[in-house]
Amino acid sequence: ARLAEKKELWGMRKLFGVKVVGFDDDDDEKEKEEEKKKDGVDVADTKEEEEEEAAAEAKPDATMEAKEKEISAEETKPAPAPPAVATGPKRKVALLLAFLGTDYQGMQINASSRSIQAEVELALYRAGLLARSNFGYPHKYGWSNSARTDKGVHSCAQVCSVKIALPREDSTMDEVRALMNEHLPDDVRALDVTRVTKSFCARTQRDRVRYRYMIPSYALRDRDEIAGAFERAGCADDFAQRQPGDPLDAADLVKIRAEMDATRYRIPEDRLPQIRGGVG
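Residue numbers (this note's numbering): 14 to 293.
See below:
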């Protein structure tokens, strides 16, 4: 009966590729001994070698002990401080945001790339205005934005609505704005934070979406005026040889920007019709 059972279990091992405890152990030992005999290896000597290796492994190793101490020291280091926990009530607010979209793939969260919404969400969490249980789930904190922007697009007035937890009962919206800006990257800013009703939604309650394309007014200067600005800035040595498409180096950019900002150039009134006709 035992032989029949063993044959059945052997068949199961072959079929499913599993080891049968109690039956395979003896077979494995026999197979190993037979293989060693075929190779001309003395089983007794092999067992002695295995025992010596086991004894050597049991001895403490100085290198391993040093590693273990190092790991133990790392584990005892204090963990990074968690975000501050807000103790005030939850309130629905509207955020007025401005951002440079150069390094972002757009407004909406995209798991594979940077987005403005993800940066704002992370700042809210780090500031303690967003609970950990809500982080990563915009629908839980009522997120909505009035418009979407594409890759590389900037905005000076993007309105978003979100439910946050105030730091304290008497916290002001200016404090919330300052707290957000502490944790936002330099190219994203919260310009204003305003209390709104619970039902407010930035997307559905907007009355318009306006896209305005702006360029610095000094970019419309005459070539002679720009040449004069380069001379005053001290970076006009090669201006006569410079082609319209040639880029400026970093040092020249710093100088010319300072000069352009200092002059506060405005387009003359008599040129406005010409410019409007060109872009109209």
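Glycine is no exception: its CB is placed at the ideal position from the N, C-alpha and C atoms.
Looking at chain E, is there any beta carbon in it that lies within less than 8 angstroms of the beta carbon of L261?
Absent here is chain E; the protein component of the structure consists of one chain.
Of the choices R270, G114, L233 and Q121, whose alpha-carbon is the least far from that of C173?
On the sequence shown, position 160 is the one that residue 173 refers to. Answer by Cα proximity: Q121.
Give the DSSP bridge partners of R219, in chain order.
The residue labelled residue 219 in the question sits at position 206 within the sequence shown. DSSP links R219 through a beta bridge to no other residue.
Start-end ranges of the beta strand (DSSP E) lying completely within the stretch 103-157, minimum 3 residues
Whole beta strand (DSSP E) segments, 3+ residues: 103-112.
Taking Q171 as part of the beta strand (DSSP E), name the residues at either end of that continuous run.
Numbered from its first residue, the sequence shown carries residue 171 at position 158. S168 to A178 is the extent of the beta strand (DSSP E) around Q171.
Residues bridged to R289 [DSSP beta-bridge criterion]:
Counted from its first residue, the sequence shown places residue 289 at position 276. Its beta-bridge partners do not exist; DSSP assigns none.
Indicate the three-state DSSP secondary structure (helix, strand or coil) for L261 in the structure shown.
Locating residue 261 in the sequence shown gives position 248, where the first residue counts as 1. It is coil, neither helix nor strand.
Under 8 angstroms: do the stretch 195-207 and the stretch 155-165 share three or more Cβ pairs, one atom per stretch?
Segment contact: the stretch 195-207 against the stretch 155-165, fewer than three CB-CB distances shorter than 8 angstroms; contact not assigned.
Taking C-beta to C-beta, are M193 and A131 nearer than 8 angstroms?
Taking the sequence shown and counting its residues from 1, one reaches residue 193 at position 180. Taking the sequence shown and counting its residues from 1, one reaches residue 131 at position 118. No; because the gap between Cβ atoms is not below 8 angstroms, this pair is not in contact.
With distances taken between CB atoms, is the gap from P210 to K105 smaller than 8 angstroms?
Here residue 210 is taken as the residue at index 197 of the sequence shown, counted from 1. Here residue 105 is taken as the residue at index 92 of the sequence shown, counted from 1. Reading off the sequence, residue 210 comes out as Thr, not Pro. The answer is yes: Cβ separation under 8 angstroms.
Give the C-beta separation of V175 and Y154 to the nearest angstrom, bearing in mind that I take them to be a contact with Cβ-Cβ under 8 angstroms.
One-based indexing of the sequence shown puts residue 175 at position 162. One-based indexing of the sequence shown puts residue 154 at position 141. Going by Cβ atoms, the distance from V175 to Y154 rounds to 6 angstroms, so yes, they are a contact pair.
Can you check which of these residues, A264, C214, A124 and K268, is closest to I239 by C-alpha distance?
The count along the sequence shown starts at 1 and reaches residue 239 at position 226. With distances taken between Cα atoms, I239 lies closest to K268.
Thinking just about the alpha-carbon of each residue, which of R284, F243, E282 and Q256 is nearest to the one in A264?
As a first step, residue 264 must be located in the sequence shown, where it is residue number 251. Considering only alpha carbons, the answer is F243.
Among all the DSSP beta bridges, which residues are the ones paired with V296?
This structure leaves residue 296 out entirely; the chain is present only between 14 and 293.
Would you mind working out which of Y117, A170 and R234 sits nearest R223, comparing C-alpha positions?
On the sequence shown, residue 223 is found 210 positions in, with the first residue counted as 1. Of all alpha-carbon atoms in Y117, A170 and R234, the one lying nearest the alpha-carbon of R223 is that of A170.
Out of curiosity, what's the CA-to-CA distance linking G129 and H152?
Locating residue 129 in the sequence shown gives position 116, counting from the first residue. Locating residue 152 in the sequence shown gives position 139, counting from the first residue. Per the sequence presented here, residue 129 reads as Ile, with Gly not at that position. Distance between the alpha carbons of I129 and H152 is about 17 angstroms.
For D187, collect the residues of the same chain with a Cβ closer than 8 angstroms to its Cβ; drop the 5 residues on either side in sequence, then sort them by chain order.
Residue mapping note: residue 187 aligns to position 174 of the sequence shown, counting from 1. Here the set comprises V206.
Less than 8 angstroms between the beta carbons of H196 and A144, yes or no?
The residue you call residue 196 lines up with position 183 of the sequence shown. The residue you call residue 144 lines up with position 131 of the sequence shown. Not closer than 8 angstroms, so no.
C-alpha gap between P198 and G258, whole angstroms:
Residue 198 sits at position 185 when you count from the first residue of the sequence shown. Residue 258 sits at position 245 when you count from the first residue of the sequence shown. Distance between the alpha carbons of P198 and G258: 32 angstroms.
In whole angstroms, what is the alpha-carbon distance linking D283 and I228?
Along the sequence shown, read from residue 1 onward, the residue named residue 283 stands at position 270. Along the sequence shown, read from residue 1 onward, the residue named residue 228 stands at position 215. A direct Cα-to-Cα measurement between D283 and I228 gives close to 19 angstroms.
V133, buried or exposed, once every other Cβ within 10 Å from all chains shown has been counted against 16:
Position 120 of the sequence shown, counted from the start, is the residue given in the question as residue 133. Buried is the label assigned to V133, since at least 16 other Cβ atoms lie within 10 Å of its Cβ.
8 angstroms Cβ cutoff met for R234 and Y278:
Locating residue 234 in the sequence shown gives position 221, where the first residue counts as 1. Locating residue 278 in the sequence shown gives position 265, where the first residue counts as 1. Note that the C-beta distance between R234 and Y278 is below 8 angstroms.
Spell out the partners DSSP gives V267 in its beta bridges.
Translated into positions along the sequence shown, residue 267 becomes position 254. Paired residue(s): none; V267 is not in a bridge.
May I ask you to list the residues that DSSP assigns as paired with V201?
Within the sequence shown, the letter at position 188 stands for residue 201. The partner list for V201 (beta bridge, DSSP) reads F112.
Check each candidate in E272, C248, G101 and M273 and name the one with the smallest Cα separation from D262.
Translated into the one-based positions of the sequence shown, residue 262 becomes position 249. Nearest to D262 by alpha-carbon distance, out of E272, C248, G101 and M273, is C248.
Pairwise C-alpha distance: A178 and M273:
Your numbering for residue 273 matches position 260 in the sequence shown. Your numbering for residue 178 matches position 165 in the sequence shown. Distance between the alpha carbons of M273 and A178: 44 angstroms.
Once the 5 residues before and after R190 are set aside, which same chain residues still bring their CB inside 7 angstroms of it?
Taking the sequence shown and counting its residues from 1, one reaches residue 190 at position 177. These residues qualify, in order along the chain: A203, D205 and V206.
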